[in-house]
Every structure is written in structure tokens, then in C-alpha cells.
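J.: Dropping a structure here in C-alpha cells format, bear with me for questions.
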Amino acid sequence: MHEETTLATPAEPDRATRRTVGRAHVVLPAYNEEASLPALLRRLAEVARTEQLTVWVVDDGSADATVAVAESGVDGLDVRVVRHLVNLGLGRAVLSGLRAALEEAGPGDSVVVMDADDTHDPALIRALQAEIDAGADVAICSRFVPGGDDRTAPLGRRVLSRGAAKLFHHALDVDGVRDFTSGYRAYRASLLTRASAHWGERLIEEQGFACMVELLLKLRHCRPVITEIPLALQYDRKQGPSKLKLRRTIVQYLKLLARDRLSPAPFRKL
152 MHEETTLATP AEPDRATRRT VGRAHVVLPA YNEEASLPAL LRRLAEVART
202 EQLTVWVVDD GSADATVAVA ESGVDGLDVR VVRHLVNLGL GRAVLSGLRA
252 ALEEAGPGDS VVVMDADDTH DPALIRALQA EIDAGADVAI CSRFVPGGDD
302 RTAPLGRRVL SRGAAKLFHH ALDVDGVRDF TSGYRAYRAS LLTRASAHWG
352 ERLIEEQGFA CMVELLLKLR HCRPVITEIP LALQYDRKQG PSKLKLRRTI
402 VQYLKLLARD RLSPAPFRKL
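If you want it as C-alpha cells, here you go:
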């Protein structure tokens, strides 16, 4: 079990040097996911037969058996558990998972964040790793590129995701992104370390679903190469109710956009 600790000081990466991607540290923010985790961990174990994986389950104060399921693990899969004794929200869970992963990640590793509700296909980790290996700093599983699909999601969730994508695409200067709110991404570990050295605990300040957009906005100051691969969302595999609150999330997106417009860019090169 890991407690939250301070991130290591980064080394400036050599962008001209092509490095083969090593281990993928998979961060799973989880709140009451005992029904979904067993199947997801089994799918991740299948990927681990050909890829180097470490899975970080961040239990965000679950009231069910999420911790017990994670600690039971699956044969052939390296599973670690990071615990919040109380529910702190998605943003804090993602941040705790990133910090725990970066403590062990090497310079050639990547950090993959995905949902713990089994709606994301772990087999796409191989494609994400290939994007990072080809030179991307961030690779996003996108519902809005050719081959992407979100038809299994509820209508309200689809409208929110598509509306947010259009809003942020027109309002923000982030090249290579169509799906700003996707929760399934891979990051080059060295990129996250550089960004964390600047923002520290403020790397993710949003508590809700807007945290995924916030992280992209802060990482853009590191001038990353961002690519997208198709994501066919498998929402029909979800066990239990959605934790996304539409009205609250819309307000979070609008506040985040306003704050980004008013916040100055970092005063030094990242």
C-alpha cells in the first residue's frame, strides 16, 4: 500500500532521442467498483502477457469491497493499491495514482490512465504504447476520430462529451486533440515529471471529471506532441450507476475555461 509522496525532480528529456517505451503504469481511479474490477483486471492480465504492466488501483474511499478485490489481484498481473480513507473526488484520485506511478517509473516508461468501470478496452494499451514509442508525449483514446464510437453511452453523456469537445476545440490552443474529456490516455512519464516539478500539488486541482481537461491544459505548456487513436466506448459493460453529474460537470467545464483564460502562462520554459 502506498501513501502520497512528493514527486521526484525531473531531468530534461532529449526530444531528439528516440526511446523505446518500457513499462506501462496503469492508473485506475476507483470508487465502489467491486463489480467491475474483476473482469477489468482479468483483461489487463491478458495484456500483461505481452506488455510490461504495473496496475495502480486508487481506491477513493469506496464503501464496498473495491480494496479487497484489488488486493486479491489476478495471476500474472502486478497490482498495487493506493488508498484514500475518504472520498476525495476523481481529480485527487488521478493525482494520487500519477504520483505513486511516477515514484517507480523509469524515463522510458509511460503512465496510462483509464476508467475502472470496464468500459475501456485494455487491449488498446498496446496501441497507446506504440504512439508513445513513435514520438508522442500524450496519446488519447478518442471517440471523435474515424473508428471511434460512443453509441453505447447514455444520450446525456454523449451530448456533454461532444459539446465539451467542440467548446474546448474552438476556445483553446491545443493541437492534436478532438476528445478533450476522454479518461483513457497514455502519457510519457518524463513529461508528467516535468509538469509536476512546476505545478506540484496544483497539477490537478479539479475534483470532478473536468480534471482530465485541466491536466491537458497544463501539459500544453510543456509543448507536448499529442496524438489520438480510435476508442469504441463499451458503456454496456458498466456495472452500477454513472458517477457523472451532468449539471455539475458543465459548471466545472465553464469555470475551468474561464480560469484558464485568466491564468498566466508559466514564467519559465518547462
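FYI, the numbering for the sequence shown is 152 to 421, going by the numbering used here. Ideal Cβ positions, reconstructed from N, Cα and C, are used throughout, including at glycine. Since we're looking at a predicted model, the values are computed, not measured.
Looking only at its own chain, which residues have a Cβ that is under 8 Å from the Cβ of E255, when we skip the five neighbours before and after it?
T.: Numbered from its first residue, the sequence shown carries residue 255 at position 104. Only H176 and T205 meet the Cβ criterion.
J.: Return the Cβ separation of I377 and G334 in integer angstroms, given the expectation that the two are a contact with Cβ distance under 8 Å.
T.: In the sequence shown, residue 377 corresponds to position 226, counting from 1. In the sequence shown, residue 334 corresponds to position 183, counting from 1. The pair is not a contact, with the Cβ atoms about 16 Å apart (cut-off 8 Å).
J.: Tell me which same chain residues have a C-beta within less than 7 Å of the C-beta of Y386, skipping the five on either side of it?
T.: Stepping through the sequence shown from its first residue, residue 386 is reached at position 235. Once the five neighbours on either side are set aside, the close Cβ partners of Y386 are T270, T303 and A304.
J.: What is the residue span of the beta strand (DSSP E) that D210 lies within?
T.: The sequence position of residue 210 within the sequence shown is 59, counting from 1. Taken as a continuous stretch (DSSP letters only), the beta strand (DSSP E) holding D210 covers L204 to D211.
J.: Where do the N-terminal and C-terminal ends of the alpha helix (DSSP H) with T217 fall, by residue?
T.: Within the sequence shown, numbered from 1, the residue matching residue 217 stands at position 66. Per DSSP, T217 belongs to the alpha helix (DSSP H) from T217 to S223.
J.: Considering only C-alpha positions, which residue in the set E222, A361 and V218 is nearest to A409?
T.: Numbered from its first residue, the sequence shown carries residue 409 at position 258. When each option's Cα is compared against that of A409, the closest is A361.
J.: Would you report the Cα separation of L246 and V310, rounded to the nearest angstrom?
T.: Position 95 of the sequence shown, counted from the first residue, corresponds to residue 246. Position 159 of the sequence shown, counted from the first residue, corresponds to residue 310. Distance between the alpha carbons of L246 and V310: 27 Å.
J.: May I have the straight-line CA-CA distance separating L405 from R200, to the nearest angstrom?
T.: Locating residue 405 in the sequence shown gives position 254, where the first residue counts as 1. Locating residue 200 in the sequence shown gives position 49, where the first residue counts as 1. Between L405 and R200, the C-alpha separation is close to 42 Å.
J.: Using 8 Å as the threshold, is the C-beta distance between A290 and L279 below it?
T.: Your numbering for residue 290 matches position 139 in the sequence shown. Your numbering for residue 279 matches position 128 in the sequence shown. Going by C-beta atoms, A290 is nearer than 8 Å to L279.
J.: So, R234 versus D272, is the Cβ gap smaller than 8 Å?
T.: Within the sequence shown, residue 234 is the residue found at index 83, counting from 1. Within the sequence shown, residue 272 is the residue found at index 121, counting from 1. No, the pair does not count as a contact, with Cβ atoms beyond the cut-off.
J.: So what does DSSP say about V402, is it helix, strand or coil?
T.: Start at 1 with the first residue of the sequence shown, and residue 402 comes out as number 251. Looking at V402 - three-state DSSP - the assignment turns out to be helix.
J.: For the alpha helix (DSSP H) containing R277, list its first residue and its last residue.
T.: Taking the sequence shown and counting its residues from 1, the one referred to as residue 277 is at position 126. That run of the alpha helix (DSSP H) goes L275 to D284.
J.: Among residues of its own chain, excluding the 5 on either side of R399, which ones have a beta-carbon nearer than 8 Å to its beta-carbon?
T.: What you label residue 399 is simply residue 248 of the sequence shown in a count that begins at 1. Within the same chain, R399 has close Cβ partners G359.
J.: Decide if the stretch 292 to 301 is in contact with the stretch 207 to 226; the criterion is three or more beta carbon pairs, one per stretch, under 8 Å apart.
T.: Counting Cβ pairs under 8 Å, fewer than three are found: no touch.
J.: Thinking C-beta only, is T332 closer than 8 Å to A315?
T.: The sequence position of residue 315 within the sequence shown is 164, counting from 1. The sequence position of residue 332 within the sequence shown is 181, counting from 1. Result yes, Cβ atoms of A315 and T332 sit closer than 8 Å.
J.: Should D330 be labelled buried (16 or more other beta-carbon atoms within 10 Å of its own) or exposed?
T.: By 1-based counting over the sequence shown, the position of residue 330 is 179. D330 comes out buried.
J.: Note down the Cα distance separating W207 from L382, rounded to an integer number of angstroms.
T.: What you label residue 207 is simply residue 56 of the sequence shown in a count that begins at 1. What you label residue 382 is simply residue 231 of the sequence shown in a count that begins at 1. The straight-line gap from Cα to Cα measures roughly 22 Å.
J.: Going straight from the alpha carbon of R194 to that of D411, what length do you get?
T.: Within the sequence shown, numbered from 1, the residue matching residue 194 stands at position 43. Within the sequence shown, numbered from 1, the residue matching residue 411 stands at position 260. Going by the C-alpha atoms only, they are around 37 Å apart.
J.: I need the straight-line Cα distance from I355 to L343, nearest angstrom please.
T.: By 1-based counting over the sequence shown, the position of residue 355 is 204. By 1-based counting over the sequence shown, the position of residue 343 is 192. Spanning the two alpha carbons is a distance of roughly 12 Å.
J.: Note down, in chain order, each residue of its chain lying with its Cβ closer than 6 Å to the Cβ of Y182, except the 5 sequence neighbours on either side.
T.: Looking up residue 182 in the sequence shown gives position 31. Taken in chain order, the residues that qualify are D211 and S213.
J.: Going by beta carbon distance, what residues of the same chain come within less than 7 Å of R388, once the five residues before and after it are set aside?
T.: By one-based count along the sequence shown, residue 388 stands at place 237. Here the set comprises D269 and T270.
J.: In the DSSP output, what is C292 paired with across the bridge?
T.: Within the sequence shown, numbered from 1, the residue matching residue 292 stands at position 141. Answer is I380, bridged to C292.
J.: Use the C-beta contact count for E282: other C-beta atoms within 10 angstroms, 16 or more gives buried, fewer gives exposed.
T.: If you number the sequence shown from 1, residue 282 lands on position 131. E282 is buried by the Cβ-count criterion.
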